[in-house]
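**Q** For the sequence shown, the working numbering gives the first residue as -9, with consecutive numbering after it.
Backbone N, C-alpha and C define an ideal beta-carbon position, used for all residues, glycine too.
My questions all concern the structure below.
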Amino acid sequence: MTFFRTALARGLLGQVIGTLIGMAIVFVIRLIMGLAVFVPSSEALLGFGLDSRAAESGWALGGVFGAVAFMLMSGVTSDWIKWAKGISTPDHPHEEEGWKRYFNVSLDHKVIGIQYGVTSILIFLTAGLFA
């Protein structure tokens, strides 16, 4: 199994797609309402850029759609969706050993703890770089 077959890779791909869909929805709604999406700009690469209001609202809805798409594509909500439909879910088999389990969905509390720990360290390191 390569990294690109892990739940993390599927989730990141879903997040990018969901973010683009959310941004496109905002831009289409603004076009239907007759509001500007692209405005002339001297600093932009091709002579025009995004209107700041369109960009901010696009990022906001894109972030919501991206977060939901990440959860759906990575598979963390698959059992919840089945339960909502009234489908029973079987017990999950024991996960494989090795590094792959840290990049996939896991029900093992030790793996989840390591995932949270590494994620929090990465977030604090990123925040420290921007401080």
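#1: Going by alpha carbons, who is nearest to Val18 out of Leu51, Thr(-8) and Thr(-4)?
#2: Exposed or buried, which one is Val108 when buried takes at least 16 other CB atoms within 10 Å?
#3: So which of Ile7, Ala44, Gln5 and Tyr106 has the shortest CA-CA distance to Leu21?
#4: On a Cα-Cα basis, can you pick out the residue from Ser47, Val27, Gly1 and Gly56 that is closest to Thr129?
#5: Does the beta-carbon of Thr(-4) have 16 or more other beta-carbons within 10 angstroms, so that it is buried, or is it exposed?
#6: Would you mind reading off the limits of the alpha helix (DSSP H) that contains Asp69?
#7: To the nearest angstrom, report how far apart Ile113 and Ile104 are at their CA atoms.
#8: Check whether the Cβ atoms of Leu62 and His82 sit closer than 8 Å, and answer yes or no.
#9: Measuring alpha carbon to alpha carbon, tell me which residue in Ser42, Val58 and Phe28 is nearest Leu3.
#10: DSSP three-state call for Phe(-6): helix, strand or coil?
#11: Considering Cα atoms alone, identify which of Trp70, Phe93 and Ser64 is closest to Pro80.
#12: Are Val54 and Gly12 closer than 8 Å when you measure CB to CB?
**A** Reading from the atomic positions:
#1: Leu51
#2: exposed
#3: Ala44
#4: A query on residue 129 cannot be resolved here, the shown segment of the chain reaching from -9 to 121 and no further.
#5: buried
#6: Ser68 to Ala74
#7: 14 Å
#8: no
#9: Val58
#10: helix
#11: Trp70
#12: yes
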